[in-house]
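Numbering (my numbering), first residue to last: 0 to 139.
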C-alpha cells in the first residue's frame, strides 16, 4: 500500500477547504475501529509551522499541506508502527496519545475512549524527532 500522491492545490484557502471537506464532516475510522474526530481549527495545527521554531505557528507550510491526504492513509494503515505520544506538560509518555509513523510522516491522535479519538496533528518530521518517537513505548 503506497502513500497517496501529493496534493497540488492553488493556495491556502483551497487546502483548508480540502481539509474541511475530507476530514471535518465525519470521523475517520482507523483500521482498528477508532473514530477520529477532526475540527476545522486542526488545519492550523497540521498545516502551519513556526518561522522561529517556537510554539507560535505563523507560517503556512506547503510541505505539510501537500500531505493532507496522508493523514487518512496513516490512520487506516494497520502496518504503520504506533507508539505512545509524549505529554510535554507532564514530561512523560502518555498511553492515551497514539503516534503513527509512515516513513518520516507522523500522525498524532488523543484517545478519549476505546473507540473515539481527537486528531492532534500530522507533519513530516526530521530524523531526530522520529528517533525520539521510536525510543518511546509501543502503543498497545
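Just so you know, even glycine gets a beta-carbon here, dropped at the ideal spot from N, CA and C.
DSSP on residue 69, reduced to helix/strand/coil? helix
Cβ separation of residue 99 and residue 109, assumed to be a contact under 8 Å, to the nearest whole Å: About 13 Å separates the two Cβ atoms, so there is no contact after all.
With a threshold of 8 Å on Cβ separation, who are the neighbours of residue 64 within its own chain once the five nearest residues in sequence on each side are excluded? 6, 8, 11, 14 and 46
I need the DSSP call for residue 82, collapsed to helix, strand or coil. strand
Taking one C-beta from the region 89 to 96 and one from the region 34 to 43 each time, how about it: are there three or more such pairs within less than 8 Å? no
In terms of residue numbering, what span does the alpha helix (DSSP H) encompassing residue 18 cover? 11 to 22
Limits of the alpha helix (DSSP H) - the one that residue 108 falls within: Premise fails: residue 108 lies in the beta strand (DSSP E), 104 to 110, not in any alpha helix (DSSP H).
Buried or exposed for residue 1, going by 16 or more other Cβ atoms inside 10 Å? exposed
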